[in-house]
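In numbering that gives the first Met the number 0, the protein residues as written are 0 to 243.
Note that the Cβ used here is the ideal one computed from N, Cα and C, for glycine as well.
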Amino acid sequence: MPQYADDVWPARQGQKVQATVDQVTPDGSSKRLDPRQTLHDAGVRPNDTLRVSPERTAGAIDALMREEALARVRGEVLRYAESHPGFAVDANSLVAPTEYLFRFNKRGFGIPQNPDTPDSYPPVIDSHEVLVVLPPDFPIKAPEAWWQTDIFHPNIDPASGWVCLGALQEHYRPALDFGELCQMLVDLAGYRNYAIDEGHNAQAARWALSPAGQLAIEGIGGISVIGRMVMAGEPERALRIRKL
Numbered sequence: 000m001p002q003y004a005d006d007v008w009p010a011r012q013g014q015k016v017q018a019t020v021d022q023v024t025p026d027g028s029s030k031r032l033d034p035r036q037t038l039h040d041a042g043v044r045p046n047d048t049l050r051v052s053p054e055r056t057a058g059a060i061d062a063l064m065r066e067e068a069l070a071r072v073r074g075e076v077l078r079y080a081e082s083h084p085g086f087a088v089d090a091n092s093l094v095a096p097t098e099y100l101f102r103f104n105k106r107g108f109g110i111p112q113n114p115d116t117p118d119s120y121p122p123v124i125d126s127h128e129v130l131v132v133l134p135p136d137f138p139i140k141a142p143e144a145w146w147q148t149d150i151f152h153p154n155i156d157p158a159s160g161w162v163c164l165g166a167l168q169e170h171y172r173p174a175l176d177f178g179e180l181c182q183m184l185v186d187l188a189g190y191r192n193y194a195i196d197e198g199h200n201a202q203a204a205r206w207a208l209s210p211a212g213q214l215a216i217e218g219i220g221g222i223s224v225i226g227r228m229v230m231a232g233e234p235e236r237a238l239r240i241r242k243l
């Protein structure tokens with residue numbers, strides 16, 4: 000496995016810091032690469048992005064690492080907000096925040112008036128608030144995101160607002176760029192980033208997969224399931240048509 004040079008990421012206790020590499024496809028999905036494979040064998044394509052991060056062991060955090068990580072996150076969030084007018088940020092500290100409240104406008108979908116009725120369609124909304132919490136052992140442990148405003152989305156728990164996002168779960172890396180995280184949340188709200196097979200709102204997942212849902216998603220500027228497949232470079236599934 001590749002290692003970082005001391006001037007890139009300082010070694011601790013006389014040991015080199017191992018590197019991990021994540022493959023990120025154009026649609027935003029990612030996976031951890033096996034260091035024993037070549038890029039070709041790992042399925043890396045020309046438009047993919049490779050992100051290199053230091054490998055860390057749970058419980059290995061120290062105060063200095065945490066302070067540096069909190070300062071880095073603050074800078075990344077502020078830079079994103081400054082370059083995206085309308086993206087507002089509140090925090091619980093001016094120096095090293097551990098909680099951020101993001102406010103932004105993006106066309107998405109709210110809770111249907113009659114959620115238990117199959118023919119009830121979600122209304123279009125455009126105002127969102129998301130709380131991001133950095134735990135005590137950040138950056139070893141991933142932050143959590145909680146939607147504070149009502150939203151109808153397959154990857155957001157309708158009761159708690161908890162956000163299921165690969166970058167904050169199985170694909171989390173300590174060097175996660177919070178500017179990119181901000182954009183992921185905006186894309187999530189606008190259905191440009193969603194996963195049907197990992198849904199935490201079954202009703203929203205069924206609706207999003209329906210013909211009416213796909214049309215509505217494209218109508219607000221979101222990306223249909225087929226569109227996501229094309230962006231990821233996956234071949235469209237051929238339809239088998241037979242005479243009835």
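Where do the N-terminal and C-terminal ends of the beta strand (DSSP E) with Asp125 fall, by residue? Here the question's residue 125 lines up with position 126 in the sequence shown. First-last of the beta strand (DSSP E) with Asp125: Val123 to Val132.
Does the region 127-135 come into contact with the region 98-106, if we say contact requires no fewer than three beta-carbon pairs (one atom in each stretch) closer than 8 Å? yes
Based on the DSSP secondary-structure assignment, which residues constitute the bridge partners of Thr24? In the sequence shown, the residue the question calls residue 24 occupies position 25. According to DSSP, Thr24 bridges with nothing at all.
Backbone secondary structure at Glu169 - three-state DSSP: Here residue 169 refers to the residue found at position 170 when the sequence shown is read from its first residue. Here Glu169 sits in coil by DSSP.
When the Cα of Phe281 is compared with those of Tyr79, Pro111 and Gln112, which residue comes out closest? The chain is shown from 0 up to 243; residue 281 falls before or after that span and cannot be answered.
Given a cut-off of 8 Å, decide if Ala95 and Leu69 are closer than it, judged by their beta-carbon atoms. Within the sequence shown, the letter at position 70 stands for residue 69. Within the sequence shown, the letter at position 96 stands for residue 95. Yes, Cβ-Cβ distance for Leu69 and Ala95 is below 8 Å.
From Arg31 to Arg172, what distance separates their C-alpha atoms? What you label residue 31 is simply residue 32 of the sequence shown in a count that begins at 1. What you label residue 172 is simply residue 173 of the sequence shown in a count that begins at 1. Arg31 and Arg172: Cα-Cα distance of roughly 10 Å.
If distances are taken between C-alpha atoms only, which option among Tyr120, Pro138, Thr37 and Leu77 comes closest to Arg65? On the sequence shown, position 66 is the one that residue 65 refers to. Out of Tyr120, Pro138, Thr37 and Leu77, Pro138 has the C-alpha closest to the C-alpha of Arg65.
Let's test the definition: count the other Cβ atoms within 10 Å of the Cβ of Arg44 and tell me whether it reaches 16, buried, or not, exposed. On the sequence shown, residue 44 is found 45 positions in, with the first residue counted as 1. Exposed, by the Cβ-count rule.
Could you please give the first and the last residue of the uninterrupted alpha helix (DSSP H) stretch that includes Gly218? Locating residue 218 in the sequence shown gives position 219, where the first residue counts as 1. Start and end: Pro210 to Gly218.
Extent of the continuous alpha helix (DSSP H) to which Leu175 belongs: For the purposes of this step, residue 175 is taken as the residue at position 176 of the sequence shown. Unbroken run through Leu175: none, as it is neither H nor E.
Own chain residues within Cβ distance below 8 Å of Gln168, not counting five before or after: As a position in the sequence shown, residue 168 is number 169, starting the count at 1. Same-chain partners within the cutoff: Ala141.
I'd like to confirm the pairing. Which residues does DSSP put opposite Lys30 in its beta bridges? For the purposes of this step, residue 30 is taken as residue 31 along the sequence shown, with counting starting at 1. DSSP output for Lys30 lists Gln22 as bridge partner(s).
Would Gly189 pass as a contact of Arg106 if the rule is Cβ separation under 8 Å? Numbered from its first residue, the sequence shown carries residue 189 at position 190. Numbered from its first residue, the sequence shown carries residue 106 at position 107. A contact, by the Cβ cut-off of 8 Å.
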